[in-house]
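**Student:** My questions will all concern the structure given below.
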Amino acid sequence: MSIETTKLELMKLLLNTQKESVLEKIKDIFQKESSQDWWEEMNEEQHQDIELGLKEAENGQVKSHQDVMKSFDEWK
Numbered sequence: 020m021s022i023e024t025t026k027l028e029l030m031k032l033l034l035n036t037q038k039e040s041v042l043e044k045i046k047d048i049f050q051k052e053s054s055q056d057w058w059e060e061m062n063e064e065q066h067q068d069i070e071l072g073l074k075e076a077e078n079g080q081v082k083s084h085q086d087v088m089k090s091f092d093e094w095k
C-alpha cells in the first residue's frame with residue numbers, strides 16, 4: 020500500500036469518526052511528532068548516563084545479551 024493510499028484511508032476514517040477521544044489521540048500524536056527532540060526532554064543526569072554508556076561502548080566495555088541473560092539465571 021502506498022503512502023498516498025494510506026493517507027486517503029486515514030482521512031476518510033478521520034472525517035467519518037464521531038468519537039472525540041479518537042480525534043484527541045490523533046491530535047496528541049501529531050503534537051508529539053512536532054515537539055522537541057527527546058534529548059531535550061531529558062534532564063542532565065539522564066544525559067550524563069547516556070553519554071557514559073556511549074563512551075563505555077566505544078571503549079569495548081560492553082556485555083553480550085547472552086552474558087547479561089546468564090546473570091539473570093540466578094533469579095529464576
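Numbers 20 to 95, taken from our numbering, label the letters of the sequence shown in order. For each residue, glycine too, the CB sits at the ideal point set by N, CA and C.
1) Within its chain, find whatever has a CB closer than 8 Å to the CB of W58; leave out the 5 residues flanking it on each side and keep chain order.
2) Grab me the residues of I69's own chain with a C-beta within less than 7 Å of its C-beta, minus the 5 sequence neighbours each way, in chain order.
3) Start and end of the alpha helix (DSSP H) containing M30?
**Tutor:** Quick answer:
1) Contacts found: H66.
2) Around I69: no qualifying Cβ.
3) DSSP places M30 inside the alpha helix (DSSP H), whose first and last residues are 22 to 35.
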